[in-house]
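Q: I have a structure I would like to understand better, so I am pasting it below and will then ask my questions one at a time.
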Amino acid sequence: MKAMIFAAGLGTRLKPITDTMPKALVPIAGKTLLEHTIDKLKSEGFFDIVINVHHFAEQIISFLDTNNNFGLNISISDERGMLLETGGGIRKAEPLLGSEPFLIHNVDIISNAPLKELYETHIASKADATLLVSERKSSRALLFDNSNNLTAWKNLSTGEIKTPYKSIDIERLNQYAFSGIHIFSPSLFPLMKSYPDKFPIMDFYLDICSSASIKASVSNNLKLIDVGKLDSLAEAEILVKDLSLRSR
């Protein structure tokens, strides 16, 4: 199975740490975020990995070389010329990703997510994309119908709503938080051709969800930390130790 790790971001919310290193190399419980992500993918059977790089890209490439790519087949999608956001990053990496569905994982996510199970669920459903979601506190929510089809996005702080549907009853939809982990089928690449060089993948999903199959996979027992802010570092340390104890 193949996966892509988003590691190109500037990590501005983790300043001043990311003034001298990429977010991917921020240490949590003795390992970098990138190593935690690689270890998680490897343990679930993902041995071919594409990593996009931009901010302090040389440090990430050197880290991988020093560790012999952790015994995996790792390719680099180089975005040093322009940071392409998540959608543009996926499209640029297309030549490295092959013809089979692949998993996408944000480098700043630490979780107990069942990645292999998510991949198998996606294959069985024949969806175009499958988004791992859960009921947890978040300022933004994805909204799905009762068949788990993506229908809308809502900013819970401002009330802003994005949806391709002209008429929709938001109150009848199921509201979940996105995990930063999803499965993408190459069948979607042709639909990206009209998009600019850089664009967010969630905007793409929301644009096409009325005509493509963008599904939710709801995890009821998901433990997850988005290591996006300085105050999340201590929480992430606790979760890593907890997950390590549970795996013994």
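Quick note on our numbering: the sequence shown kicks off at 6 and runs consecutively. No residue lacks a Cβ here, since even glycine has one placed at the ideal position from N, Cα and C. Just so it is clear, the structure is predicted and the values come from calculations on it, not from any experiment.
1. Note the first and the last residue of the continuous beta strand (DSSP E) segment covering L30.
2. Assign D113 to buried or exposed, taking buried as 16 or more other Cβ atoms, counted over all protein chains shown, within 10 Å of its Cβ.
3. For R253, count neighbouring C-beta atoms within 10 Å of its own C-beta (all shown protein chains included) and say buried if the count is 16 or more, exposed if not.
4. Does the region 51-59 come close enough to the region 69-89 to have 3 or more Cβ pairs within less than 8 Å?
5. Going by CA-CA distance only, name the one from S143, I188, L248 that's closest to L137.
6. Got a sec, what are the start and stop residues for the alpha helix (DSSP H) T42 sits in?
7. Using the Cβ count rule (16 or more neighbours within 10 Å means buried), how would you classify M207?
8. When burial is assigned at 16 or more other CB atoms within 10 Å of the CB, is D236 buried or exposed?
9. Any chance you could list the beta strand (DSSP E) runs of at least 3 consecutive residues sitting entirely within the region 203-253, in chain order?
10. Which term fits L30, buried or exposed, when burial requires 16 or more other beta carbons within 10 angstroms of its beta carbon?
11. Can you give me the Cβ contacts of Y210 inside the same chain, cut-off strictly under 7 Å, excluding the 5 residues immediately before and after it?
A: The answer reads as follows:
1. On the sequence shown, position 25 is the one that residue 30 refers to. No beta strand (DSSP E) holds L30; DSSP gives it neither H nor E.
2. Taking the first residue of the sequence shown as position 1, residue 113 is located at position 108. Under this definition D113 is a buried residue.
3. Here the question's residue 253 lines up with position 248 in the sequence shown. Residue confidence for R253 is low, a pLDDT of 47 falling below 50, so the modelled location carries little weight; the figure read from the coordinates is stated next. The residue is exposed, with fewer than 16 neighbouring Cβ atoms inside 10 Å.
4. yes
5. Here residue 137 refers to the residue found at position 132 of the sequence shown. Answer by Cα proximity: I188.
6. If you number the sequence shown from 1, residue 42 lands on position 37. Start and end: 38-48.
7. As a position in the sequence shown, residue 207 is number 202, starting the count at 1. Result: buried.
8. Within the sequence shown, residue 236 is the residue found at index 231, counting from 1. It is exposed - the Cβ of D236 has fewer than 16 other Cβ atoms within 10 Å.
9. 219-223, 229-231
10. Within the sequence shown, numbered from 1, the residue matching residue 30 stands at position 25. So L30 ends up on the buried side.
11. Here residue 210 corresponds to residue number 205 of the sequence shown, with the count starting at 1. Cβ within range, chain order: A134, L155, I219.
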